[in-house]
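Enquirer: Could you have a look at this structure, given as structure tokens, before my questions?
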Amino acid sequence: MSSPALLLLAVLAMAARLAASLIGHPGCQTRCGDVDIPYPFGIAGTGAWGVNCSLPGFEIIRCVVRSGAGSLAVVEPVLADTNITVLSLSVMPRPEARVLLPVAWQCFNSSGGITNYSDATVRFNPAGVYRISDTHNELFVLGCNTLAYTNNGPPGRLPYSYTGRMTFCNDSQSAQDGKCAGVGCCHVDIPPGLTDNLMQFGDPNSWSHDDQDFSPCDYGFIVEKGNYSFRASDLTTMPRSKRMPLRLDWAIRNGSSSASVSCAAAKNKPHYACLSDHSECVNSTNGPGYFCNCTQGYEGNPYIVNGCTSKTRPHAWCEIVLAHPPVKAHQWGEGRRCGDSRCSGYKRLPSALSPLRSLSPAGTTNSM
């Protein structure tokens, strides 16, 4: 293999290593399927030198292979201690986890008796990192003559809060596509601070479901705003296995549900999470705790040392004239053509890529 090709491979390998280091710790898996896993999240385990790949509570327990369309296998990350599939994880500008949660349902026979049901129970630890986002989600109830509500609170105790809605139908023609104002479908905002999604339906003895073949099941679910539009056919054809996308807010709570877990309380403690220069602490608005951002003019991962980098620092593709035809490699330069005395060559490559300098072929300059 020619020297330019070897150089290109070395540049790409080093650049990939550098990019991964800005997402997670060395030796830690930073991708599962199509999902990036940025620190403080991490695949369960340890990386190089025994460093933890995640902060407590942020474990992505494993990559799971599920059946996809046809015979295809889909690799998905799953939140620790759950069966909740992760769609995406965000550190900045908002601390969010986008996940899939199951739909709750109950179905009836022609006499109105319940034949089967699922309450789609999801319980997050109240002292844990997650809260169901009240800003970006809403509750939907589908059915005819139906009351459904979600409640929040520890098992075996009275719930802290309820949120619910009622729907009605006169006949099979009552519900209309795109209409969700109480006839076959209704929706409502949810309160902040929710850690549970336990959907319950009203007593069927109080809400007649006799001979309702046009609405044989009731459904209830929390879903990301803008991600569901009611169709009348959903009253008869919605799969019971359906999952809906939902956004979770997360914050550093250090295993406490106390309001004392704040920026002011955390900054002087040894486990303060905002590690990068040019980072700042922000108090959570959905439950106690805090999260970190890079300060204005910087981007990256504030939870990693040196994770916040300047937005104005040039990252461009530059053409290195080493052979004919020229090869392209990522440079930490101005994005101009090398060899015309305007490109920085290897001089501005970050220290993580410094070994490349020793790979420069004879006759290649490292100066401006």
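Numbering (mature numbering (1 follows the signal peptide of the UniProt record, and there is no 0)), first residue to last: -21 to -1, 1 to 347.
Ideal placement from N, C-alpha and C gives every residue a C-beta, glycine not left out.
Taking buried to mean at least 16 other C-beta atoms within 10 Å of its own C-beta, is GLY143 buried or exposed?
Expert: Counting from 1 along the sequence shown, the entry for residue 143 is found at position 164. Label assigned to GLY143: buried.
Enquirer: Of the residues TYR282, PRO249, GLY266 and GLY276, which one's Cα is nearest the Cα of CYS260?
Expert: Counting from one through the sequence shown, the residue named residue 260 turns up at place 281. Of the listed residues, the one whose Cα sits closest to CYS260 is TYR282.
Enquirer: When you compare the CB positions of CYS123 and GLN191, do they come within less than 8 Å of one another, or not?
Expert: On the sequence shown, residue 123 is found 144 positions in, with the first residue counted as 1. On the sequence shown, residue 191 is found 212 positions in, with the first residue counted as 1. Against a cut-off of 8 Å, the Cβ pair of GLN191 and CYS123 comes out as a contact.
Enquirer: Determine, using beta carbons only, whether HIS257 and CYS273 come nearer to each other than 8 Å.
Expert: Working through the sequence shown from its first residue, we reach residue 257 at position 278. Working through the sequence shown from its first residue, we reach residue 273 at position 294. Contact: yes.
Enquirer: Let me know the secondary structure DSSP gives ASP228 once reduced to three states.
Expert: Start at 1 with the first residue of the sequence shown, and residue 228 comes out as number 249. Here ASP228 sits in strand by DSSP.
Enquirer: Whose C-beta lies closer than 7 Å to the C-beta of ALA154 among residues of the same chain, with five residues either side of it excluded?
Expert: Translated into positions along the sequence shown, residue 154 becomes position 175. Around ALA154: CYS148, VAL162, GLY163, CYS164, ALA211 and LEU214.
Enquirer: Output the distance between the C-alpha atoms of LEU225 and SER241, rounded to the nearest integer angstrom.
Expert: Stepping through the sequence shown from its first residue, residue 225 is reached at position 246. Stepping through the sequence shown from its first residue, residue 241 is reached at position 262. Computed Cα separation, rounded: 26 Å.
Enquirer: Determine whether the beta carbon atoms of ALA127 and PHE180 lie at a separation below 8 Å.
Expert: Numbered from 1 along the sequence shown, position 148 holds the residue referred to as residue 127. Numbered from 1 along the sequence shown, position 201 holds the residue referred to as residue 180. Yes, the pair counts as a contact, with Cβ atoms nearer than the cut-off.
Enquirer: Between ASN116 and VAL202, how many whole angstroms is the CB-CB distance? I'm expecting something under 8 Å.
Expert: Start at 1 with the first residue of the sequence shown, and residue 116 comes out as number 137. Start at 1 with the first residue of the sequence shown, and residue 202 comes out as number 223. With a Cβ gap of about 6 Å, ASN116 and VAL202 count as contacting.
Enquirer: Got a sec, what are the start and stop residues for the beta strand (DSSP E) residue 407 sits in?
Expert: The chain is shown only over -21 to 347; residue 407 falls outside these bounds and no answer can be derived.
Enquirer: Exposed or buried, what is GLY3 when buried is set at 16 or more other beta-carbons lying within 10 Å of its beta-carbon?
Expert: Reading the sequence shown from its first residue, position 24 is the one you call residue 3. With 16 or more Cβ atoms within 10 Å of its Cβ, GLY3 is classed as buried.
Enquirer: Quick check on the DSSP output: the alpha helix (DSSP H) that includes ALA243 runs from which residue to which?
Expert: Position 264 of the sequence shown holds residue 243. Element bounds for ALA243: 242 to 245.
Enquirer: Here's a check: name, in chain order, each residue in its chain whose Cβ is nearer than 6 Å to the Cβ of LEU103, leaving out the five neighbours to either side.
Expert: Start at 1 with the first residue of the sequence shown, and residue 103 comes out as number 124. According to the sequence displayed, residue 103 carries Phe and not Leu. Counting only Cβ-Cβ distances below 6 Å, and skipping sequence neighbours, we find TYR109 and THR174.
Enquirer: Using the three-state DSSP reduction, which class does LEU254 fall into: helix, strand or coil?
Expert: Reading the sequence shown from its first residue, position 275 is the one you call residue 254. Of the three classes helix, strand and coil, the one that applies to LEU254 here is coil, per DSSP.
Enquirer: Can you tell me whether GLY279 is buried or exposed? The criterion is at least 16 other CB atoms within 10 Å of its CB, across all chains shown.
Expert: Within the sequence shown, the letter at position 300 stands for residue 279. Looking at its Cβ environment, which holds 16 or more other Cβ atoms inside 10 Å, GLY279 is buried.
Enquirer: Does DSSP classify ASP175 as helix, strand or coil?
Expert: Numbered from 1 along the sequence shown, position 196 holds the residue referred to as residue 175. DSSP places ASP175 in strand when its eight states are reduced to three.
Enquirer: Since LEU214 is in the alpha helix (DSSP H), which residue starts that stretch and which ends it?
Expert: Residue mapping note: residue 214 aligns to position 235 of the sequence shown, counting from 1. Per DSSP, LEU214 belongs to the alpha helix (DSSP H) from 213 to 216.
Enquirer: Nearest-angstrom Cα distance between THR114 and ASN176?
Expert: Here residue 114 is taken as the residue at index 135 of the sequence shown, counted from 1. Here residue 176 is taken as the residue at index 197 of the sequence shown, counted from 1. Each residue's Cα considered, the two are about 16 Å apart.
Enquirer: Should residue 348 go down as buried or exposed, given a rule of 16 or more other Cβ atoms within 10 Å for buried?
Expert: Coverage of the chain is limited to positions -21 through 347, which leaves residue 348 absent and any answer about it impossible.
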